[in-house]
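Have a look at the structure below, then the notes.
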Amino acid sequence: ALALAAPSLAAPWLQASGWADGFNAPALNWLGLITRKPVTEDYVPVLPWMGVVWIGVAAASLWHGAGAPGAGWRMRSATGRAATWLGRRSLLFYMVHQPVLIGALWLYTAVAR
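Going by the numbering used here, the letters in the sequence shown line up with residues 613 to 725, in that order.
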């Protein structure tokens, strides 16, 4: 994982060499190897942030492999099991809560009138 993190984190500095102009095409903006920011407010490129993810993966692997305290800890309470269930299905939770929130907001505005 650390071998994957280094090039990911170095990518922004490598783009200063001039070869990154080829990555300015809209189809390649998601990589982050661009010389000018696209016109958007929520732009978060894959590089260098994927490097940070790989560092976290490597750290967790080392922590768990070393038999560190807490590496095998599991939540046994009902709240802990619910949090674990939601954590393993975070995309499902995210996709379901959007219409629920919009419906609640619509209901609130309908009742408040």
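Beta carbons: idealized from backbone N, C-alpha and C, even for Gly.
Given a threshold of 16 other Cβ atoms within 10 Å of its Cβ, counted over all protein chains shown, does L645 qualify as buried or as exposed?
-> On the sequence shown, residue 645 is found 33 positions in, with the first residue counted as 1. Its Cβ being crowded by 16 or more others within 10 Å, L645 is buried.
Answer yes or no: do F705 and L713 have a C-beta to C-beta separation smaller than 8 Å?
-> By 1-based counting over the sequence shown, the position of residue 705 is 93. By 1-based counting over the sequence shown, the position of residue 713 is 101. It is not a contact, given that the beta carbons lie outside the stated cut-off.
Would you decide whether G663 is buried or exposed? Buried here means 16 or more other CB atoms lie within 10 Å of its CB.
-> Taking the first residue of the sequence shown as position 1, residue 663 is located at position 51. Answer is buried; the Cβ neighbour count reaches 16.
Applying the criterion that 16 or more other CB atoms from any shown protein chain within 10 Å of the CB defines a buried residue, is W666 buried or exposed?
-> By one-based count along the sequence shown, residue 666 stands at place 54. W666 should be labelled buried.
M707 - containing alpha helix (DSSP H), residue span = The sequence position of residue 707 within the sequence shown is 95, counting from 1. That run of the alpha helix (DSSP H) goes 702 to 724.
How far does the alpha helix (DSSP H) with M662 in it reach, from first residue to last?
-> Counting from one through the sequence shown, the residue named residue 662 turns up at place 50. M662 -> alpha helix (DSSP H) spans 661 to 677.
DSSP on L645, reduced to helix/strand/coil?
-> Walking along the sequence shown from the start, residue 645 turns up at place 33. It is coil, neither helix nor strand.
Alpha carbon to alpha carbon, how far is W661 from A716?
-> The residue given as residue 661 occupies position 49 in the sequence shown. The residue given as residue 716 occupies position 104 in the sequence shown. Between W661 and A716, the C-alpha separation is close to 34 Å.
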